[in-house]
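**Q**
In full-length UniProt numbering, the protein residues as written are 1 to 102.
1. Which whole-angstrom value describes the C-beta separation of residue 48 and residue 8, a residue pair presumed to lie in contact below a C-beta threshold of 8 Å?
2. If we ignore side chains and look at the alpha-carbon of each, how far apart do residue 42 and residue 83 end up?
3. Could you give the residue range of the beta strand (DSSP E) that holds residue 37?
4. Taking the alpha-carbon positions, what's the residue 86 to residue 6 distance?
5. Any idea what DSSP makes of residue 15, helix, strand or coil?
6. Considering Cα atoms alone, identify which of 2, 4, 11 is closest to residue 78.
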């Protein structure tokens, strides 16, 4: 089932305090980026983030975005400050994005 544009807007509102957030639609779902780093996505109207040490410390509900994918964590909070803390923690643990060749 594809995610709705309305749910994406809800998630983007939660992420309003996170700098440089962008999204990309892919196969009916939405990938979420901040500062060029892929940190999560919207899958079946669920807001999921990558499983990192910091996200595992703050979130406890594992979820698989689609069959065969790596396990992620469900963001089940609605407080913008808490969401920002979760995402910033994940971003600190992710490698810098690779530079594309021209």
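Glycine residues also receive a C-beta, built at the ideal position from the N, C-alpha and C atoms.
**A** On the basis of the coordinates in this document:
1. For the purposes of this step, residue 48 is identified with residue 48 of the chain shown, where counting begins at 1. For the purposes of this step, residue 8 is identified with residue 8 of the chain shown, where counting begins at 1. Contact doesn't hold; Cβ gap of about 13 Å is too wide.
2. If you number the chain shown from 1, residue 42 lands on position 42. If you number the chain shown from 1, residue 83 lands on position 83. Each residue's alpha carbon lies about 14 Å from the other.
3. Taking the chain shown and counting its residues from 1, the one referred to as residue 37 is at position 37. First-last of the beta strand (DSSP E) with residue 37: 37 to 43.
4. Looking up residue 86 in the chain shown gives position 86. Looking up residue 6 in the chain shown gives position 6. Their Cα atoms are separated by approximately 22 Å.
5. Here the question's residue 15 lines up with position 15 in the chain shown. In the displayed model, residue 15 falls within coil according to three-state DSSP, outside both helix and strand.
6. One-based indexing of the chain shown puts residue 78 at position 78. Looking at the Cα atoms, 11 is the closest of the given residues.
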